[in-house]
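One structure is given below, encoded as structure tokens.
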Amino acid sequence: MITKKNIIIATGGTGGHVISGICISNYLIYLKNNVTWVGSKNRMESYLISDNNINIDYISILNINTKSFFDKIKFYYSLLKSIYESCKIISYRKPDIIIGMGGYISIPVCIAGWIKNIPIIIHEQNCKIGLSNKILYFISKKFLSGFNLKNKNYIYVGNPVRKNIINISKPEIRLKNRKGPIRILILGGSQGSYFINKNIPLVIKKLNNVLIWHICGKNNYNFVFDIYNKLLCYNKVYLINDFILDIYKAYYWSDLIICRSGALTISEILCVGLPSIIIPFIGKDKHQYYNSLFLDKIGVTKIFNENEFDIDLIYNYISNLDRNKLLELSIRCRKYYNFNSIENIIKEIYNLFI
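Laid out in structure tokens, this is it:
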């Protein structure tokens with residue numbers, strides 16, 4: 041039997057990194073391990089971790105702007121400073137293992153662990169590996185992936201999601217006797233999306249027999265509320281929220297989702313079984329675009345990129361959906377979620393100690 045371990049989780053910044061890390065942390069704590077989170081102050085992890093009663097230590101944020109010579113000096117200084125801070129935390133916490141979940145904050149923590157000869161496990165939530173995890177791959181004992189990247193050097197384990205989302209009833213039960221307007225959830229990620237908030241209401245105005253729940257991101261409520269009022273289609277609004285902690289309630293309510301394609305969102309809608317219209321955010325690494333391609337490949341989404349956004353095309357797509365088609369897509373979608381993800385991850389962690 042494996043004895044209680046001291047474990048550090050290193051990540052932060054986005055919901056995909058943080059929520060996945062919380063799921064793993066909570067399960068490790070349930071198994072009587074000591075878990076410490078290392079992140080940054082004033083970021084998403086700083087308030088979500090405290091809400092989950094997980095120990096958290098803070099290090100300095102990396103200055104990742106390296107455009108000029110002086111920016112590069114600042115970057116190397118901030119990297120060395122955060123590695124030093126991480127070494128102090130490791131000396132105090134005495135971890136048996138460090139788990140890096142992506143994000144720039146994981147780089148100095150994992151490097152410090154490598155210096156101190158602590159085993160490193162990396163978990164990548166996206167379909168395309170991020171820069172931090174590309175760097176840390178070379179010092180890791182194991183590299184775990186949330187999607188099947190079909191690489192012999194990566195161990196496919198899946199992406200964990202919150203238990204209340206896993207517990208949502210199957211589409212065959214949830215949607216069996218549902219009637220009335222098609223229920224559309226509009227979601228722009230944890231920070232909201234100006235593009236989605238501005239343009240999707242124009243689509244809603246044209247549609248008949250729909251009801252929408254729009255989660256618009258913090259500080260965007262008045263902007264979105266005014267748009268629906270000016271378009272004279274507020275009668276199609278079920279709810280507008282700036283942010284919602286109990287996102288499972290919105291998923292349960294919905295027939296269709298219009299959203300970005302961060303790793304967390306993709307994993308959650310696969311778990312629930314929720315057909316989608318994806319408008320990926322195209323950052324430098326295009327990871328949302330590659331995430332959306334996974335859903336497109338299994339035939340449960342329609343992708344509309346911002347640079348080719350067409351209100352009429354989205355209108356036509358939604359207009360051709362009926363309840364039978366939505367149920368078919370929902371059932372197909374749910375088949376592709378790995379419901380053993382958290383157990384798979386814990387197994388790979390514990391196998392290091394056997």
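Quick note on this note's numbering: the sequence shown kicks off at 41 and runs consecutively. Glycine included, every Cβ here is placed at the ideal spot set by N, Cα and C. Computed from a prediction, not measured in an experiment: that's the story for all the values here.
- Message: Strictly by DSSP, which residues pair up with LYS342?
- Response: ILE317
- Item | Local conformation of THR305 per DSSP, three classes | helix
- Out of curiosity, what's the CA-to-CA distance linking ASN95 and CYS273? 46 Å
- Query: Is it true that the CB of ILE317 sits closer than 7 Å to the CB of LYS276?
  - Reply: no
- Name the DSSP beta bridge partners of VAL277, please? Secondary-structure assignment with DSSP links VAL277 through a beta bridge to ILE252.
- Item | Top-ranked residue by Cα proximity to SER185, from ILE137, ASN331, PRO315 and LEU314 | ASN331
- Item | Segment contact flag, the segment 170–180 with the segment 278–291, C-beta cutoff 8 Å, min 3 pairs | no
- Query: Under three-state DSSP, which class holds PHE115?
  - Reply: Note: PHE115 maps to helix in three-state DSSP.
- Task: Go ahead and pull the three-state DSSP assignment for LEU296.
- Result: Here LEU296 sits in strand by DSSP.
- How would you call ASP266, buried or exposed, if buried means at least 16 neighbouring beta carbons within 10 angstroms? exposed
- Looking only at DSSP bridge pairs, what is THR76 linked to? Beta-bridge pairing links THR76 to ILE48 and ASN95.
- CYS169 - DSSP class collapsed to helix/strand/coil: Reading off the sequence, residue 169 comes out as Ile, not Cys. It is coil, neither helix nor strand.
- Per DSSP, cross-strand counterpart(s) of LYS121: DSSP lists no partner for LYS121.
- Task: In angstroms with no decimal places, state the Cα-to-Cα distance between ILE386 and ILE64.
- Result: 8 Å
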